[in-house]
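**Student:**
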Ligand SMILES: NC(=O)c1ccc[n+]([C@@H]2O[C@H](COP(=O)([O-])OP(=O)(O)OC[C@H]3O[C@@H](n4cnc5c(N)ncnc54)[C@H](O)[C@@H]3O)[C@@H](O)[C@H]2O)c1
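Residue numbers (this note's numbering): 1428 to 1781.
(1) Based on Cα-Cα distance, which residue from 1627, 1475, 1517 lies nearest to residue 1746?
(2) For the segment 1481–1497 against the segment 1655–1674, are there 3 or more C-beta pairs whose distance is under 8 angstroms?
(3) Pick helix, strand or coil for residue 1652, following the three-state DSSP scheme.
(4) Should residue 1665 be counted as a contact of ligand 1 given a C-beta to heavy atom distance under 8 angstroms?
(5) Does the Cβ of residue 1455 have 16 or more other Cβ atoms within 10 Å, making it buried, or fewer, making it exposed?
(6) Given this structure, state the Cα-to-Cα distance separating residue 1755 from residue 1520, to the nearest angstrom.
(7) Buried or exposed: where does residue 1767 fall if 16 or more other Cβ atoms within 10 Å of its Cβ makes it buried?
(8) Shorter than 8 angstroms, the distance from the beta carbon of residue 1600 to the closest heavy atom of ligand 1, or not?
(9) Would the beta-carbon of residue 1517 fall within 9 angstroms of that of residue 1614?
(10) Reducing DSSP to helix, strand and coil, say where residue 1493 ends up.
(11) One question on the structure: do residue 1543 and residue 1620 come within less than 9 angstroms of each other, judged by their Cβ atoms?
(12) Which partner residues of residue 1729 appear in the DSSP bridge assignment?
(13) State yes or no: is the beta carbon of residue 1541 nearer than 9 angstroms to at least one beta carbon in chain B?
(14) Report all residues from its chain with a CB closer than 7 angstroms to the CB of residue 1534; omit the five preceding and five following residues, and keep chain order.
(15) Per DSSP, residue 1486 is paired with what?
(16) DSSP three-state call for residue 1432: helix, strand or coil?
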């Protein structure tokens, strides 16, 4: 993968870090960046959705532990002697997955607690948690014409009315943040919750909108199916920017923080598909707007003043460039068999397809 060459060598050289869920889309990109920055990286993953192939390029440079982090012995083994734990393991997927797997999503509360507890017991100094924009109140994201930018204080544990998360997945991530704050309060372990907004890029799966839409376009589906009216907005952050923000937050922040990792650009899904079609030099004759499909909130983008002030982070890769890279990768990744299973793959991840 063409990861940006910025490294954080002064912060990570010789540091022992665990990346839970490191065989995932974001996890594997983070592993590459941390290795590039000189860290000693261990990955713990049960491969329920992650793929060993994602770690192929770095397999000689990491310690890989396969197991379920909800198992206490495995969690203790994985966190032993680690200074910083990047906790990305989760039951997670795009809207099609989280809407049809509420039980798996709530199970993340168990997984998060186990990992935080093991990290604290092992004496880890810091946990960086892959939280989500889904922690934000859906009431702030209910109107596609309202281009509200979500700021960290919009979801918090101090003020009444600041918790109304997005479905089981969002509530579980919010409770993950609360658990992490509890470990900080009681065990003084630093806890940084990165509220990741829709990331996209190489190695993401088709349950996520960007990859799903690229796949449908490469499969030349016409009429072109779009979930919902296509007027719902999202901000799209290229994978290298997301993991750089996580690594930077892990290096530079202490105490307990919630921090947005997204862009402040609202794009409708219709705008996104137009960009994809342009890059493929193909346009469908007609559209099939599927109003019965899950679409999530009507509008979502990130207010970035906190991360700009604290870390000087802003996204580097524009949507056009990121899409171009993602499309080039997907063309090589998507076999005809994979494309023929597209309908199933919009709802299920690799690990569930056997
Ligand atoms: N991709 C995004 O846009 C996005 C947005 C917000 C938050 N996040 C969060 O970032 C993290 C990574 O997401 P992703 O999109 O890269 O891929 P993903 O959701 O597929 O990654 C999760 C990883 O955790 C592993 N895993 C799941 N349960 C496990 C368990 N019990 N024990 C050990 N390993 C387990 C999976 O095999 C996989 O490798 C997740 O926590 C996700 O919730 C991602």
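Every residue, glycine too, gets a C-beta built ideally from N, C-alpha and C.
Fair warning: this is a prediction, and the values are worked out from it, not measured in the lab.
**Tutor:** From the atom records:
(1) 1627
(2) no
(3) strand
(4) no
(5) buried
(6) 22 angstroms
(7) exposed
(8) yes
(9) no
(10) strand
(11) no
(12) 1577
(13) Chain labels in this structure do not include chain B; a single protein chain is all it has.
(14) 1518
(15) The partner list for residue 1486 (beta bridge, DSSP) is empty, contrary to what the question assumes.
(16) Here the model assigns residue 1432 a pLDDT of 46, short of 50, so the residue's position is not dependable, and the following value carries that caveat. DSSP places residue 1432 in coil when its eight states are reduced to three.
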